[in-house]
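Residue numbers (mature numbering (1 follows the signal peptide of the UniProt record, and there is no 0)): -26 to -1, 1 to 175.
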């Protein structure tokens, strides 16, 4: 009799959830990064007086997110290090060699979410960044800018995030001293992301 009562209670609870409105049921979906409408950009001090910017052009990744609760369950991105582009061919070649990224030995850069916290409309994501053969935590702070449908029936979400790292923490220590003092390349690398994702069907 006790087993029959438990079975009936289970059916009743399942029926209740079945009739809840869709918005009340948490749904974690996978959102694929759309590289054609995204930007992975960085900036670093150059000769103290200015900053040089660059980007990576070949990458893929995904975000697992509950869009109703606006919470992240997983984030992962893989970048081809050789796709670095600072709009200067000679400089890009230097950045790819052993002084910096050493792309032949370390062809990929990987970021994997470790934790995420929401504060109002902002998020702080702490992830493990594997760069130049070194893995360290790198936090990113950003926003979910919105979710919309495109004319082709896809559901899209837009994100903006910023962070920073010290390149020396990842074993990239090359530099030269200026005659006037200071160094050619700054240690701090500023990161800016504009990411557009498409919800998997």
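All C-beta atoms, glycine included, are put in the ideal place defined by N, C-alpha and C.
Inter-residue distance for residue 114 and residue 65 is about 27 angstroms (C-alpha atoms, whole angstroms). For residue 57 and residue 3, the gap between their C-alpha atoms comes out near 29 angstroms.
Within the stretch 91 to 148, the runs of beta strand (DSSP E) at least 3 residues long that lie entirely inside it are, in chain order, 96 to 105, 108 to 123, 129 to 140. Per DSSP, the unbroken beta strand (DSSP E) holding residue 166 starts and ends at 159 to 173. The stretch 87 to 100 and the stretch 163 to 170 do not touch, with fewer than 3 CB-CB distances between them shorter than 8 angstroms.
DSSP, read as helix, strand or coil, puts residue 156 in coil. The beta carbons of residue 7 and residue 36 sit about 6 angstroms from each other, so the pair counts as a contact at 8 angstroms.
For residue 12, the closest C-alpha among the options 89, 1, 41, 134 is that of 134. Ranked by Cα distance from residue 43, the options 127, 175, 120, 85 are led by 120. Between the stretch 136 to 144 and the stretch 152 to 163, the count of C-beta pairs closer than 8 angstroms reaches three or more; the two stretches touch.
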